[in-house]
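Numbering (this note's numbering), first residue to last: 8 to 93. Have a look at the structure below, then the notes.
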Amino acid sequence: MIHTHTSRHKSDLDEATLAEVKEYCARHPRSPSAIRRPRVMQRGNTFVALLGSTLEDGVAGLGASVDAALRAFDVQYSKSLRPPRG
Numbered sequence: 008m009i010h011t012h013t014s015r016h017k018s019d020l021d022e023a024t025l026a027e028v029k030e031y032c033a034r035h036p037r038s039p040s041a042i043r044r045p046r047v048m049q050r051g052n053t054f055v056a057l058l059g060s061t062l063e064d065g066v067a068g069l070g071a072s073v074d075a076a077l078r079a080f081d082v083q084y085s086k087s088l089r090p091p092r093g
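Quick look at the structure:
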């Protein structure tokens with residue numbers, strides 16, 4: 008379980024990572040990442056883009072890079088808006 012604190016939102020990231028987030032959002036201005044601005048953090052070798060307080064309760068994207076985590080977040084966020092099949 009990954010817990011995050013809102014007050015640490017920007018401080019979790021170094022300047023290079025923040026620049027990557029800004030670049031991704033500039034390239035994809037209508038994406039869920041650009042609109043919802045999930046927290047982005049690095050845990051080990053994995054980047055996590057998280058909207059919510061925990062992975063279990065929120066929407067998250069995980070990836071080996073900031074770009075990959077934000078792309079995964081966009082997919083998961085879009086899936087969370089669709090009604091379940093069946």
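All C-beta atoms, glycine included, are put in the ideal place defined by N, C-alpha and C. For clarity, every value in this text was computed on a predicted model and none was experimentally measured.
Worksheet entry | ASP74 Cβ short of 7 Å to the ligand ATP heavy atom set | Only the bare structure without any ligand can be found here, which leaves the ligand ATP out of the picture.
Practice prompt. Decide if GLU27 is buried, meaning its Cβ has at least 16 other Cβ atoms within 10 Å, or exposed.
Written response: buried
Worksheet item: Who does THR53 pair with in a DSSP beta bridge?
Response: Partner(s): ARG50.
Discussion item. Please classify GLY59 as buried or exposed, where buried requires at least 16 other C-beta atoms within 10 Å of its C-beta.
Written reply: exposed
Practice prompt. Just tell me which of GLU63, ASP64, GLY51 and ARG46 has its CA closest to the CA of LEU57.
Written response: ARG46
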